[in-house]
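*Asks:* Supplied in C-alpha cells, the structure appears directly below.
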Amino acid sequence: GQSLEQPSEVTAVEGAIVQINCTYQTSGFYGLSWYQQHDGGAPTFLSYNALDGLEETGRFSSFLSRSDSYGYLLLQELQMKDSASYFCAVRDGAAGNKLTFGGGTRVLVKP
Amino acid sequence: DGGITQSPKYLFRKEGQNVTLSCEQNLNHDAMYWYRQDPGQGLRLIYYSQIVNDFQKGDIAEGYSVSREKKESFPLTVTSAQKNPTAFYLCASSPTGGAGNEQFFGPGTRLTVL
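Sequence order for the protein chains is Y and R.
Going by my numbering, the residue at position 99 of the first sequence is 1016; the numbering climbs one at a time, nothing skipped.
Going by my numbering, the residue at position 85 of the second sequence is 243; the numbering climbs one at a time, nothing skipped.
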C-alpha cells in the first residue's frame, strides 16, 4: 500500500515563500505529483518528479529525494490567488497512472 | 474545447436509493478514474479504468459500481449499500503509459443524502 504525510495547514503573507513537505511510504514508486485545488473546485496539475532533483515552473518548484522518500513543493512570491489546498500524490506505475493522494495542505495567504 | 464534464453539479438523494453520476471526456484518454473527497480530506480512489470494457477497484470500492462501455464515458453508481455517500465526487482521465502522469479532473458532483 501507499501512505503520504503532509502538513495540514500553512499560513503566510503575500510575497513570502512557502515550502510544503511530503513524505511517503510506498510498495512501488514511479513519481511524485503535486496538485492545487481551490475551495469547491477541481484539482489541477502543478508538477511531477520522477527523478531526484528540483523542477522549476514559474513561481512554483518541486523537489524529490527518492532515497529519503521525500519531496516538497515550493511556492515563491506568494499571491492571494495561491490560497488553496495542495496535494502530493504518488504514482503507482504497476497499475498505469493510478495515484494515491496525501491529505492535502491548506495554504492561507494573508495581505 | 477538450475537457471532462460531470453532471449534475449538485445531487440530492434519499437514503436507500441508487444514484448514477455521469462523467464524459473528449480528450481521447484511455484511462479514467473516480475519486471521493470528504471535507478537509484528500482524494480517495473508488474505481479506475485503463481501457474500454475493463476496470479495477480502488481503495474504497465498496458500495459503488462502474461501467466502461465507451472510451469517453465512465459513469459511477452509488448504491444503497454505501453507508455514508455524502461527499464530493471527482472524475479524472489521463493518457496511459509513458509520461502520461497528469490527470485531468472534471468539476465534480456534490452528492448529499437526505
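Each residue gets a CB set at the ideal place from its N, CA and C atoms; glycine is no exception.
Treat the numbers as computed from the prediction; the structure is a model and nothing was measured.
#1: Note down, in chain order, each residue of its chain lying with its Cβ closer than 8 Å to the Cβ of Thr237/R, except the 5 sequence neighbours on either side.
#2: Consult DSSP for Asp999/Y and reduce its assignment to one of helix, strand or coil.
#3: On the DSSP letters alone, give me the boundaries of the beta strand (DSSP E) that Arg983/Y sits inside.
#4: I'd like the span of the beta strand (DSSP E) that includes Ser944/Y, first residue to last.
#5: With a cut-off of 9 Å, does the C-beta of Ala239/R fall near any C-beta of chain Y?
#6: Buried or exposed: Ser944/Y, going by 16 or more other Cβ atoms within 10 Å of its Cβ?
#7: With 16 other CB atoms within 10 Å as the buried threshold, where does Ala933/Y fall?
#8: Do the CB positions of Val1024/Y and Glu931/Y come within less than 9 Å of each other?
#9: Going by beta carbon distance, what residues of the same chain come within less than 6 Å of Gly258/R, once the five residues before and after it are set aside?
#10: Identify each residue in the region 200 to 211 of chain R for which the Cβ-Cβ distance to at least one residue of chain Y is less than 8 Å, and report them in chain order.
#11: Quick check: what's the CA-CA separation for Leu272/R versus Gly174/R?
#12: Name the chain R residues whose beta carbon is nearer than 7 Å to that of Gly970/Y?
#13: Tell me the DSSP secondary structure of Thr974/Y in three-state form.
#14: If you measure from the beta carbon of Asn259/R to each beta carbon in chain Y, is any gap under 9 Å?
#15: Thinking C-alpha only, which one of Gly1019/Y, Glu926/Y, Val927/Y and Ala929/Y is nearest Gly988/Y?
#16: I need the DSSP call for Asp1009/Y, collapsed to helix, strand or coil.
*Replies:* Reading it off the structure:
#1: Taking the first residue of the second sequence as position 1, residue 237/R is located at position 79. Annotation for Thr237/R: Asn176, Gly221, Tyr222 and Ser223 place their beta carbon closer than 8 Å to its own, counting only its chain and skipping 5 residues before and after.
#2: For the purposes of this step, residue 999/Y is taken as the residue at position 82 of the first sequence. It is helical.
#3: On the first sequence, position 66 is the one that residue 983/Y refers to. Where Arg983/Y is concerned, there is no enclosing beta strand (DSSP E), given that its DSSP letter is neither H nor E.
#4: For the purposes of this step, residue 944/Y is identified with residue 27 of the first sequence, where counting begins at 1. According to the DSSP assignment, Ser944/Y belongs to no beta strand (DSSP E), since it is labelled neither H nor E.
#5: Working through the second sequence from its first residue, we reach residue 239/R at position 81. Taking 9 Å as the threshold, the shortest C-beta distance from Ala239/R to chain Y does not fall below it.
#6: Start at 1 with the first residue of the first sequence, and residue 944/Y comes out as number 27. Label assigned to Ser944/Y: exposed.
#7: Start at 1 with the first residue of the first sequence, and residue 933/Y comes out as number 16. Exposed.
#8: Taking the first sequence and counting its residues from 1, one reaches residue 1024/Y at position 107. Taking the first sequence and counting its residues from 1, one reaches residue 931/Y at position 14. Their beta carbons are not under 9 Å apart, which means Val1024/Y does not touch Glu931/Y by this criterion.
#9: Locating residue 258/R in the second sequence gives position 100, counting from the first residue. For Gly258/R, the predicted model reports a pLDDT of 47, less than 50, meaning its position is unreliable; a value from the coordinates is still stated below. Excluding five sequence positions before and after Gly258/R, the CB atoms of its chain that fall closer than 6 Å to its own CB belong to Ser252, given in chain order.
#10: So the list reads Gly200, Leu201, Arg202, Leu203, Tyr206 and Gln208, given in the order they occur along the chain.
#11: Translated into positions along the second sequence, residue 272/R becomes position 114. Translated into positions along the second sequence, residue 174/R becomes position 16. If I take the Cα positions, the gap works out to 10 Å.
#12: For the purposes of this step, residue 970/Y is taken as the residue at position 53 of the first sequence. In chain order: nothing, as chain R lies at least about 16 Å away.
#13: Your numbering for residue 974/Y matches position 57 in the first sequence. Three-state DSSP puts Thr974/Y in a strand.
#14: Taking the first residue of the second sequence as position 1, residue 259/R is located at position 101. Chain Y, which has a Cβ nearer than 9 Å to the Cβ of Asn259/R, makes this yes.
#15: Residue mapping note: residue 988/Y aligns to position 71 of the first sequence, counting from 1. For the residues Gly1019/Y, Glu926/Y, Val927/Y and Ala929/Y, the minimum Cα distance to Gly988/Y belongs to Gly1019/Y.
#16: For the purposes of this step, residue 1009/Y is identified with residue 92 of the first sequence, where counting begins at 1. Here Asp1009/Y sits in strand by DSSP.
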